[in-house]
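Numbering (the working numbering), first residue to last: 1 to 514.
Glycine is no exception: its CB is placed at the ideal position from the N, C-alpha and C atoms.
What follows is a short report on a single structure.
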């Protein structure tokens with residue numbers, strides 16, 4: 001390298017120092033990028049819930065929800081069972097009758113300061129003829145009279161005169177324990193004199209005049225106000241229901257009875273979950289129609305078209321079992337029935353209970369007096385596939401069965417054959433909707449394209465920074481060598497021109513030869 005003048009050298013030094021700063025910065029950026037995980041931050045930004053954001057618009061409009069496939073239990077030996085000729089009730093599954101849910105969030109608001117959103121989720125349904133076996137209004141079936149059985153069971157512990165009055169009234173109203181109706185009436189309400197009379201005489205207790213399975217589960221007169229987190233670390237977790245961080249109907253309002261069973265910890269509505277899920281994270285599913293939370297169990301992983309690793313969950317086998325984790329659901333643990341979940345506190349104390357479809361995972365004793373129950377994990381089990389990085393639900397399905405718990409009703413001859421039975425009415429296959437194509441593309445991009453782009457930029461910045469840094473240091477080294485060279489030359493020249501260094505010749509040396 002040809003050494004330059006001092007002025008040029010100083011200018012080159014400043015340039016080299018600037019290049020070192022640039023190179024160092026370019027080395028730091030990818031290092032910080034690895035620590036901050038820009039892929040996660042980009043997805044958090046894309047899924048933020050703030051006024052004007054994509055998710056804000058989704059929550060403020062009506063959206064298609066789950067697909068509900070209804071299967072009813074048709075009784076095939078009604079006369080023989082009621083007469084006592086048959087000890088077992090014989091049923092057959094009839095369905096599906098399919099309904100599409102639509103949900104609209106009323107009074108939706110985002111409280112950015114508190115990190116929550118609040119809304120009242122109202123649901124309506126539309127019948128899907130093309131996915132059903134027939135028109136429910138024209139499909140006649142024979143089914144247990146759930147209203148009569150539930151009221152009879154509820155009164156089983158009442159005083160003698162109360163029960164006697166009820167039997168006289170039921171006989172006068174000509175209520176029957178097994179009735180012939182169409183599927184639509186069973187689901188959305190049929191005239192039952194006992195219910196109509198109760199609504200007239202005791203409007204504060206019974207607020208409805210018809211009895212229908214879906215009509216009660218989709219009761220829109222008492223929909224709770226939901227408060228759900230919008231914070232990145234626990235987005236979509238349910239924080240409060242009607243202002244309470246627990247289910248008061250199961251004793252949360254009593255501080256001495258507060259447990260995980262009735263507290264809204266790790267609880268979601270199921271449309272999405274918190275980002276960065278791990279295998280050890282607990283997840284629970286809540287819907288107001290369930291009257292409780294359902295625990296999900298991690299099963300494993302699977303690959304899908306939009307991600308190489310998705311988490312697979314199923315509803316815990318213990319969700320309907322007698323267990324300390326479900327103790328709050330039955331008050332005293334010896335009042336529980338293993339395999340079903342009483343939801344009477346949410347249904348005016350009518351003895352209605354939930355279970356898996358066909359009593360899956362329940363003890364066979366629960367349905368030992370019923371023929372036609374065939375639990376099958378493939379048909380009546382559950383599966384939820386969740387993308388763990390953003391918490392998106394890729395697919396989901398599970399079953400819920402509605403039953404009547406009939407206690408000791410030997411006091412009334414009409415319902416006596418049902419005494420000490422759990423009578424199945426219908427079960428639902430609930431299928432969560434597929435992600436929109438736009439959402440699939442976003443997740444696919446975040447899982448497959450975005451990481452390569454980010455890592456490519458990181459590598460490019462690192463190599464560029466390292467190259468600039470090496471070049472600048474080399475230039476600094478060469479400039480240092482030039483500077484040292486100039487200093488040595490200057491010292492040498494100074495010595496040559498220093499008078500003290502020049503020796504005088506002896507006088508007369510030039511004339512000695514003459």
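Practice item. Pick helix, strand or coil for residue 432, following the three-state DSSP scheme. Key: coil
Practice item. With hydrogens ignored, establish whether the beta-carbon of residue 84 is closer than 6 Å to any heavy atom of the ligand NAD. Key: Of ligands this structure carries none, so the ligand NAD is not represented either.
Review point. Where does residue 248 fall in DSSP's three states?
Key: helix
Check your understanding: Could you give the residue range of the alpha helix (DSSP H) that holds residue 121?
Key -> Element bounds for residue 121: not the alpha helix (DSSP H) but the beta strand (DSSP E), 116-128.
**Study point:** C-alpha gap between residue 91 and residue 103, whole angstroms
**Key:** 33 Å
Check your understanding: According to DSSP, is residue 378 helix, strand or coil?
Key -> helix
Check your understanding: So what does DSSP say about residue 401, is it helix, strand or coil?
Key -> strand
Exercise for review: Reducing DSSP to helix, strand and coil, say where residue 287 ends up.
Suggested key: strand
Point to revise | beta strand (DSSP E) segment containing residue 187, residue limits | key: No beta strand (DSSP E) contains residue 187, which is instead part of the alpha helix (DSSP H) from 183-188.
Exercise for review: Would you kindly check if the distance between the Cβ of residue 423 and the Cβ of residue 402 is under 7 Å?
Suggested key: no
**Study point:** Nearest neighbour of residue 462, chosen from 16, 18, 14 and 34 [CA to CA]
**Key:** 34
Review point. Is the Cβ-Cβ distance between residue 81 and residue 417 less than 7 Å?
Key: yes
Practice item. Reducing DSSP to helix, strand and coil, say where residue 212 ends up. Key: coil
**Study point:** Residue nearest to residue 43 in terms of C-alpha spacing, selected from 474, 449 and 482
**Key:** 449
Review point. Under 7 Å, do residue 382 and residue 314 count as touching if we go by C-beta distance?
Key: yes
Practice item. Assign residue 74 to one of three DSSP states: helix, strand, or coil. Key: strand
Check your understanding: Are the beta-carbon atoms of residue 328 and residue 263 separated by less than 7 Å?
Key -> no
Exercise for review: Ignore the nearest five residues each way along the sequence and tell me which others in residue 159's own chain have a CB closer than 7 Å to its CB.
Suggested key: none
**Study point:** Reduced DSSP category for residue 22 - H, G, I as helix; E, B as strand; rest coil
**Key:** helix
**Study point:** Which listed residue (241, 213 and 148) has its alpha carbon closest to that of residue 120
**Key:** 241
**Study point:** Given residue 388 as reference, the closest of 481, 288 and 281 once Cα atoms are compared
**Key:** 281
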